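The structure under discussion appears below in the form of structure tokens.
There are 2 protein chains.
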Amino acid sequence: MSRLRVHNFLVTLDGYATGEDQSTEAAFGTAQSEFLPWFEKANIFRPADQPGSAVPAPSVNESIAAAWGSGIGADIMGRNMYRPATGPWPQDGWRGWWGEEPPFGTPCFVMTHWEREPLTVGNTTFHFVSGTPAEVLQRAQKAAGWLDVRLGGGPSIVNEFLAADLVDYLHIIQIPVVLGRGVRLWDGLESLHKRYAIESATMPNGTIHLFFTKTPSEAA
Amino acid sequence: MSRLRVHNFLVTLDGYATGEDQSTEAAFGTAQSEFLPWFEKANIFRPADQPGSAVPAPSVNESIAAAWGSGIGADIMGRNMYRPATGPWPQDGWRGWWGEEPPFGTPCFVMTHWEREPLTVGNTTFHFVSGTPAEVLQRAQKAAGWLDVRLGGGPSIVNEFLAADLVDYLHIIQIPVVLGRGVRLWDGLESLHKRYAIESATMPNGTIHLFFTKTPSEAA
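So the sequences go chain by chain: A and B. Sequential numbering from 151 applies to the first sequence in this note's numbering. Sequential numbering from 151 applies to the second sequence in this note's numbering.
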């Protein structure tokens, strides 16, 4: 069965996964200057399997970050991971944060109350769909076939899928930052840990990897 | 100069350091059943330097936990670490959670708006004092002489001392629990991490030690 996986999801010590006041200039809003250096340190933007590049033996961090790309057949993300805006879509030609070669290469389901025609950019086709997390996951799994579905952000979307018990694998990169304000990941998820086996690994770069793997639910 | 140190302070993934509804039966209230096993795993209740006991070579966790006891000349705690109650002190003969041999062995300053006469239990004398964190710290440092002052809980008290920039050393034991409700440690402490060097270590028992050591403040 196709699993739902979250990878490389940065969370601060105080539980925030992004800041306030997202804009087209700052995907992480007020957290931008705190978060970007940690994305660099975690090697998220430097996948070890980039074809054609002379990559040395990957570090532990690079290997973990690169797991993001393996065995994925479809993506799901919240609207704010595609663009900052609420209400009807602005007609400004926005094609995502990623330029003309988005790193997904999949059918990518953008959750929105404002459905619209799909948009293909590079190897990625964005589908703008409404529905509950379970409904959108079903569509994405159908598109993914036997491969897994990857869940991006933002934190509200990941929180909703966790609350609905739909996430099979959750990889957190905890960063030693007390952000103070923004959007929290963990709210309303009391006892979440009981549904997962949890491993952790401290990195010399100051990050802590936390891996949540779904444990089989008890027989009814 | 006498430092202010916090040791063995359990915090959940979602930032809670205790639950709700503390009572004389449950020091951690609704978090009691989640927290107590982690205190055991962290070896907090089994100091390696207990005199006269046949202790094997201490584990990493035991060594870290035992650092709690070294070089301390006075303690500070919030009222709720001494007993659960607000307003005037109940006349019920309560002498703390620790029986007739409290583990402190120091002059112990209990912060309260309701001052009262000191109470000596075993080698510990509890002083019930009002004042700002800075004022109470000054009294405790005077009592500690050249030794350090240890700051206990609860989370609100530690939060207040952190907000007032009075804590020199903060040792967190992060536990893989999403508690969902209780009293948070980190609220209102935006950018706290910039005042500390932070180290972390993942333990096979599932806990993560985080060590915050005060860095010298920049020259004005």
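Beta carbons are placed, not taken as given, at the ideal position from N, Cα and C, and that holds for glycine. Keep in mind it's a predicted model, so treat the numbers as computed, not measured.
Residue i - partner residues in DSSP beta bridges
{"i": "Pro257(A)", "result": "Thr275(A)"}
{"i": "Thr352(B)", "result": "Ile358(B)"}
{"i": "Arg266(B)", "result": "Phe278(B)"}
{"i": "Ala224(B)", "result": "Val299(B)"}
{"i": "Thr236(A)", "result": "DSSP lists no partner for Thr236(A)."}
{"i": "Thr363(B)", "result": "Tyr319(B), Ala347(B)"}
6 Å CB neighbourhood of residue i in its chain, flanking five on each side removed
{"i": "Ala147(B)", "result": "An answer regarding residue 147(B) cannot be provided, because it is not within the stretch 151 to 370 covered by chain B."}
{"i": "Phe159(A)", "result": "Ile322"}
{"i": "Gly169(B)", "result": "Phe178, Gly179, Thr180, Ala181, Gly332"}
{"i": "Trp278(B)", "result": "Trp is not the amino acid found at residue 278(B); the sequence shown has Phe there. Correct list, in chain order: Val260, Thr262, Glu265, Arg266."}
{"i": "Cys258(A)", "result": "Asp225, Thr274, Phe276"}
{"i": "Asp318(B)", "result": "Arg153, Leu154, Lys364"}
{"i": "Tyr166(B)", "result": "Leu329, Gly332, Arg334"}
{"i": "Glu349(A)", "result": "Phe361"}
Span of the alpha helix (DSSP H), counted from its first residue to its last, around residue i
{"i": "Asn230(A)", "result": "229-232"}
Contacts around residue i, its chain only, beta-carbon distance under 8 Å, and the 5 residues preceding and following it disregarded
{"i": "Ala198(A)", "result": "Only weak support is given to the placement of Ala198(A): the predicted model assigns it a pLDDT of 45, under 50, and the question is left unresolved by the model."}
{"i": "Lys191(A)", "result": "Asn211, Asn355, Gly356, Thr357"}
{"i": "Tyr346(A)", "result": "Leu320, Phe362, Thr363, Lys364, Thr365"}
{"i": "Val328(B)", "result": "Thr162, Leu163, Asp164"}
{"i": "His263(B)", "result": "Ser280"}
{"i": "Leu297(A)", "result": "Ser152, Gly221, Ile222, Gly223, Ala224"}
{"i": "Thr174(A)", "result": "Arg233, Pro234, Trp244"}
Close Cβ partners of residue i (< 7 Å) along its chain, the five nearest in sequence each way excluded
{"i": "Ala284(A)", "result": "Ala314, Leu316"}
{"i": "Val308(B)", "result": "Val156, Phe159, Leu301, Leu335"}
{"i": "Pro238(A)", "result": "Trp264"}
{"i": "Pro252(A)", "result": "Gly246, Val271, Gly272, Thr274"}
{"i": "Leu342(B)", "result": "Leu312"}
{"i": "Thr352(B)", "result": "Ile358"}
{"i": "Phe254(A)", "result": "Asp225, Thr274"}
{"i": "Phe185(A)", "result": "Leu160, Phe178"}
DSSP three-state assignment for residue i, whether helix, strand or coil
{"i": "Glu250(A)", "result": "coil"}
{"i": "Ala198(B)", "result": "Note that Ala198(B) has pLDDT 45, beneath the 50 cutoff, so the model's placement of it is unreliable and the number below is only indicative. The answer is coil: DSSP assigns Ala198(B) none of H, G, I, E or B."}
{"i": "Glu212(A)", "result": "helix"}
{"i": "Pro283(A)", "result": "helix"}
{"i": "Ala217(B)", "result": "helix"}
{"i": "Ser152(A)", "result": "coil"}
{"i": "Gln288(A)", "result": "helix"}
Unbroken alpha helix (DSSP H) runs of length 4 or more, entirely within the segment 290-354 of chain A: which are they? As far as the segment 290-354 of chain A is concerned, its whole alpha helix (DSSP H) runs of at least 4 residues are 305-313.
At what residue ranges does the segment 156-191 of chain B contain a whole run of the beta strand (DSSP E), taking only runs of 3 or more? Counting only runs of 3+ residues, the beta strand (DSSP E) found wholly inside the segment 156-191 of chain B occupies 166-168, in chain order.
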